[in-house]
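Report on one structure; see the data block that follows.
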Amino acid sequence: MAGKDPIIQVRQIGKRFHLGAQSGGYLSLRDQLQNLFSSQKTRKQAFWALKDINFDVYENDRVAIMGRNGAGKSTLLKIISRITPPTKGEIRIHGRIASLLEVGTGFHGELSGRENVYLNGSILGLRKEEIKRRFDEIVAFADVADFIDTPLRHYSSGMQLRLAFAVAAHLEPEILIIDEVLAVGDASFQQKCIGKMKDISDSGRTLLFVSHNMAAIRSLCNRAILLKDGLVELDTDVETVINSYLESNKFSGKEISLQDIPRNISILEKELVFDRIRFEDSPIPQGKDIEGAIWLKNIAGRETYPYLTLAMNIDTPEGICVYHASTEFTGREFSHSADDTVYRFRIANNLRPGNYHMTLFLKSSAKYQDWLRKEILLEIADGNPYGYADSGAIQGLTLPGFDIWTETAEAS
Amino acid sequence: MTKPQASAFIHITPKHYGLLSIREIWSFRELFYYFAWRDIKIRYKQTFLGVAWALLQPLIQMFLFAFVVAAIRGGNSSEVNGMPYEIFLLCGLLLWNAFSAGLSNAAGSLNQNAAMLKKIYFPKLILPFSAVIVSFFDLLMSLLVFAGALIYFQVVPSWIILAMLPLSILITFLATTGLGMLLGALSVKYRDVRYIIPFGIQMLFWISPVVYSAEWLNHHWLGTVLLANPMTGAIQLLRDSIASSAVNWQLLGITLGICLGWFILGIVYFKRTEYYFADIA
Chain A
1 MAGKDPIIQV
11 RQIGKRFHLG
21 AQSGGYLSLR
31 DQLQNLFSSQ
41 KTRKQAFWAL
51 KDINFDVYEN
61 DRVAIMGRNG
71 AGKSTLLKII
81 SRITPPTKGE
91 IRIHGRIASL
101 LEVGTGFHGE
111 LSGRENVYLN
121 GSILGLRKEE
131 IKRRFDEIVA
141 FADVADFIDT
151 PLRHYSSGMQ
161 LRLAFAVAAH
171 LEPEILIIDE
181 VLAVGDASFQ
191 QKCIGKMKDI
201 SDSGRTLLFV
211 SHNMAAIRSL
221 CNRAILLKDG
231 LVELDTDVET
241 VINSYLESNK
251 FSGKEISLQD
261 IPRNISILEK
271 ELVFDRIRFE
281 DSPIPQGKDI
291 EGAIWLKNIA
301 GRETYPYLTL
311 AMNIDTPEGI
321 CVYHASTEFT
331 GREFSHSADD
341 TVYRFRIANN
351 LRPGNYHMTL
361 FLKSSAKYQD
371 WLRKEILLEI
381 ADGNPYGYAD
391 SGAIQGLTLP
401 GFDIWTETAE
411 AS
Chain B
1001 MTKPQASAFI
1011 HITPKHYGLL
1021 SIREIWSFRE
1031 LFYYFAWRDI
1041 KIRYKQTFLG
1051 VAWALLQPLI
1061 QMFLFAFVVA
1071 AIRGGNSSEV
1081 NGMPYEIFLL
1091 CGLLLWNAFS
1101 AGLSNAAGSL
1111 NQNAAMLKKI
1121 YFPKLILPFS
1131 AVIVSFFDLL
1141 MSLLVFAGAL
1151 IYFQVVPSWI
1161 ILAMLPLSIL
1171 ITFLATTGLG
1181 MLLGALSVKY
1191 RDVRYIIPFG
1201 IQMLFWISPV
1211 VYSAEWLNHH
1221 WLGTVLLANP
1231 MTGAIQLLRD
1241 SIASSAVNWQ
1251 LLGITLGICL
1261 GWFILGIVYF
1271 KRTEYYFADI
1281 A
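Sequence lines, in order, name chains A and B. Using our numbering, read the first sequence as starting at 1 and increasing by one per residue. Using our numbering, read the second sequence as starting at 1001 and increasing by one per residue.
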């Protein structure tokens, strides 16, 4: 391969889905027959998951593809993997490609670990000879040697995952495509997987990697592409993209409507939810109390919601919780009955300048009502309580007031 | 370590269908074997009698049908087409069972492996094909029953059965995969097809000369309609080869033509639609 030619060229790729009446997007014969006999076609709403994607990937690039849920990451990987066709545009790929979009696809519980390794390997495109040659290595990596002839359904989910990843990791293609597969598995195995992927990329291969795990992206990738609304929003170094992703992912401002923020938490009752939040200041001056008000909305129409717990967390972008405030700690008892009730709050603030993520949590009696996990972006404006010129030079998460003075020792 | 095909070039565009890449299917040839092997293994792993089922099924069918037909026609099961009715019946059952099981396996193979279609790239034609291979494994097993019955009834087939048995199996295979690909592709797109298939197979059974002889039908156009069903020819060719060594070339030609027609229709429709399976499966 010539030194500077891209190994993957993505040009004007677009993908349209039809949002039909049915969830699957398939048709029933009745729909077809209706279309045949009536002039009024059942119009399906079109939705462009990808609009116009362009980028080049060069040999040994390790590219992270980032974006919020629904940004089109998985669709893009599926198109590059030839699982689904684009609606427009073209992609040119020079090299053998292997995709791991889901761990353990094609595994079967009735077959033994050994049989599954051969089956899965051949599904992923390996020859029997190649699997045979790597078999011991795969089993050692997955750490399942004692169970290799046991049916897979007796394996723990962790063991299945290890075995599945081990097969895929030994594919040795020129281009490896990995979708969010590290979200599962315990921490030590995740480390092992990242290590293996690092070996793969160090040996000169090309990697396309989708993950929400920032640490994994930082250690594996040398470039990142941020997708937003089906377009490439950013294509540059990893740190810049991660920062931009973390910020763009949040809701910020002085007054934020909270009702439209998606809640992807299954345990919530959502009878009573957060309606909106207003801050006195945005950004918040350094050292000034974080003050504002919260409105709730009664969705279920219940007359009253007793024993409210209202909690707020403030985390750093790295996920360190710096503040945790809850009505539970104050012993004050609220119950909600009218939506025009204003819940005022004030949090003493000695955070250092920068961006923080706020969580809102609501419980009534023992029911989890609403939970907005790190959805709100708080910005603490530049400044420090000491009057020092360069706030950025001051270390530490918080800037507590302090003083240092001298005293002349008095004889006592 | 990496395969020598380092210069592999893939060009992805919106329209990609139509081309049947033999080279690609060849490079995935082991997958036919693995899918078929998986299905055979899983099927018999969960059963108490295991592979014996493949022998028992045609045997039980043979006794049951012979009993019922004898009861209907009165008297003991007599000779049909110059052979005991049991042998006559087995010729039909062997091929029909492979056809009906293979067809319903193949038609369901895409929906059954939908998870794989959505996550892994491989030639999708492999799925209906290896589903059919599974039912033809049973056919090979039931050939033992057939051989046993020939010995028991002391029937010596004519020598051309050596050609006609493989030929009728080939015709059945082409018809099964052809229709299987067609129905499999259709049932990804139209869910209704799934409900039609078991019903349709049952209907087909009665318009295939499995338990009866095509000659029993004194109906001149129905006989012609029966010929559009490739199973008619396949079964008849096998039966003819037992009683006489004369080859019905006309029947052979028509049947081969028809099953090739189904096969090509199936493969063309499958290739035209497979590109979108992952989106709608």
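Even glycine gets a Cβ: it sits at the ideal position worked out from N, Cα and C. Because the structure is a prediction, the values reported are computed rather than measured.
Whole-angstrom distance between residue j and residue i, CA atom to CA atom
i, j, result
"Glu90(A)", "Tyr386(A)", "58 Å"
"Gln22(A)", "Lys88(A)", "Low confidence applies to Gln22(A): its pLDDT is 41, below 50, so where it sits in the model is not reliable, and the reading given next is rough at best. Near 24 Å, if we compare the C-alpha coordinates of Lys88(A) and Gln22(A)."
"Arg127(A)", "Gly121(A)", "8 Å"
"Gly1233(B)", "Ile1060(B)", "25 Å"
"Ile1235(B)", "Ile1267(B)", "24 Å"
"Arg1239(B)", "Phe1063(B)", "18 Å"
"Pro1058(B)", "Phe1099(B)", "13 Å"
"Lys73(A)", "Ile83(A)", "14 Å"
"Gly158(A)", "Asp149(A)", "17 Å"
"Ile1025(B)", "Gly106(A)", "19 Å"
"Gly319(A)", "Asn298(A)", "31 Å"
"Ile1151(B)", "Pro1198(B)", "35 Å"
"Pro173(A)", "Leu208(A)", "12 Å"
"Gly25(A)", "Ala1114(B)", "Its pLDDT being 46, under 50, Gly25(A) is placed unreliably by the model, and the measurement read from it follows with that caveat. When rounded, the distance between both Cα atoms is 14 Å."
"Val1080(B)", "Val1211(B)", "11 Å"
"Thr206(A)", "Ala224(A)", "13 Å"
"Lys374(A)", "Gln395(A)", "24 Å"
"Leu372(A)", "Ile261(A)", "8 Å"
"Arg263(A)", "Asp370(A)", "8 Å"
"Ser1241(B)", "Ser1158(B)", "6 Å"
Where residue i meets chain B, residues with beta-carbon distance less than 7 Å
i, result
"Arg127(A)", "Glu1030"
"Thr236(A)", "Near Thr236(A) there are no residues of chain B at all, since even the closest Cβ is about 25 Å away, more than 7 Å."
"Lys297(A)", "Neighbours of Lys297(A) on chain B: none; closest Cβ ~37 Å, over 7 Å."
C-beta contact flag for residue i and residue j at 9 Å
i, j, result
"Ile1010(B)", "His94(A)", "yes"
"Ala142(A)", "Leu163(A)", "yes"
"Leu1031(B)", "Ser1130(B)", "yes"
"Val210(A)", "Asp179(A)", "yes"
"Glu222(A)", "Asp5(A)", "Here residue 222(A) is Asn; the residue named in the question, Glu, does not match the sequence. Taking 9 Å as the Cβ cut-off, Asn222(A) and Asp5(A) do not qualify as a contacting pair."
"Ile1042(B)", "Leu1103(B)", "no"
"Ser1078(B)", "Ile1160(B)", "no"
"Pro86(A)", "Gly14(A)", "yes"
"Tyr1276(B)", "Leu1186(B)", "no"
"Tyr356(A)", "Pro317(A)", "yes"
Residue interval of the alpha helix (DSSP H) (run including residue i)
i, result
"Leu220(A)", "Met214 to Leu220"
"Lys288(A)", "Counting along the chain, Lys288(A) falls outside any alpha helix (DSSP H), and DSSP gives it neither H nor E."
"Val117(A)", "Gly113 to Ile123"
"Ile1201(B)", "Asp1192 to Trp1206"
"Glu328(A)", "Thr327 to Thr330"
"Ala1175(B)", "Ile1161 to Lys1189"
"Gly354(A)", "Gly354(A) -> not in any alpha helix (DSSP H); beta strand (DSSP E) instead, spanning Gly354 to Ser364."
"Arg1043(B)", "Arg1029 to Lys1045"
Residue i: contacting residues in chain A (beta-carbon distance under 8 Å)
i, result
"Thr1047(B)", "Going along chain A, no residue has its Cβ under 8 Å from Thr1047(B), so there is no contact; the nearest lies around 12 Å."
"Pro1198(B)", "Per Cβ cutoff of 8 Å: no residues; Pro1198(B) is ~17 Å from chain A at best."
"Ile1042(B)", "His108, Glu110 and Leu111"
Residue(s) in a DSSP beta bridge with residue i
i, result
"Arg16(A)", "Trp48(A)"
"Cys321(A)", "Asp315(A)"
"Asn1113(B)", "According to DSSP, which records beta bridges pairwise, Asn1113(B) is partnered with nothing at all."
"Gln9(A)", "Asp56(A) and Arg92(A)"
"His1011(B)", "Arg92(A)"
"Arg133(A)", "Its beta-bridge partners do not exist; DSSP assigns none."
"His108(A)", "Bridge partners of His108(A): none, in fact."
"Pro1084(B)", "Glu1079(B)"
"Ser1100(B)", "The partner list for Ser1100(B) (beta bridge, DSSP) is empty, contrary to what the question assumes."
"Phe274(A)", "Leu296(A)"
Start and end residues, beta strand (DSSP E) containing residue i
i, result
"Leu100(A)", "Ile97 to Leu100"
"Val210(A)", "Thr206 to Val210"
"Thr236(A)", "Leu231 to Thr236"
"Arg373(A)", "Lys367 to Ile380"
"Glu255(A)", "Glu255 to Ser257"
"Leu226(A)", "Arg223 to Lys228"
Proximal chain B residues relative to residue i, where beta-carbon distance stays under 8 Å
i, result
"Ile123(A)", "Leu1031, Tyr1034, Met1116, Ile1120 and Phe1122"
"Tyr118(A)", "Tyr1034"
Proximity test, residue i beta-carbon vs the ligand FAD heavy atom, cut-off 8 Å
i, result
"Val232(A)", "Looking at this structure, you won't find the ligand FAD or any other ligand, since it has none at all."
Contact set between residue i and chain A, taken where Cβ atoms lie within less than 7 Å
i, result
"Ala1131(B)", "Result: empty, since nearest Cβ-Cβ is about 15 Å, beyond 7 Å."
"Arg1038(B)", "His108, Leu111 and Leu119"
Under 9 Å from the C-beta of residue i: neighbouring residues of chain B
i, result
"Pro85(A)", "Ile1012, Thr1013, Pro1014, Lys1015, His1016, Tyr1017, Tyr1275, Tyr1276, Ala1278 and Asp1279"
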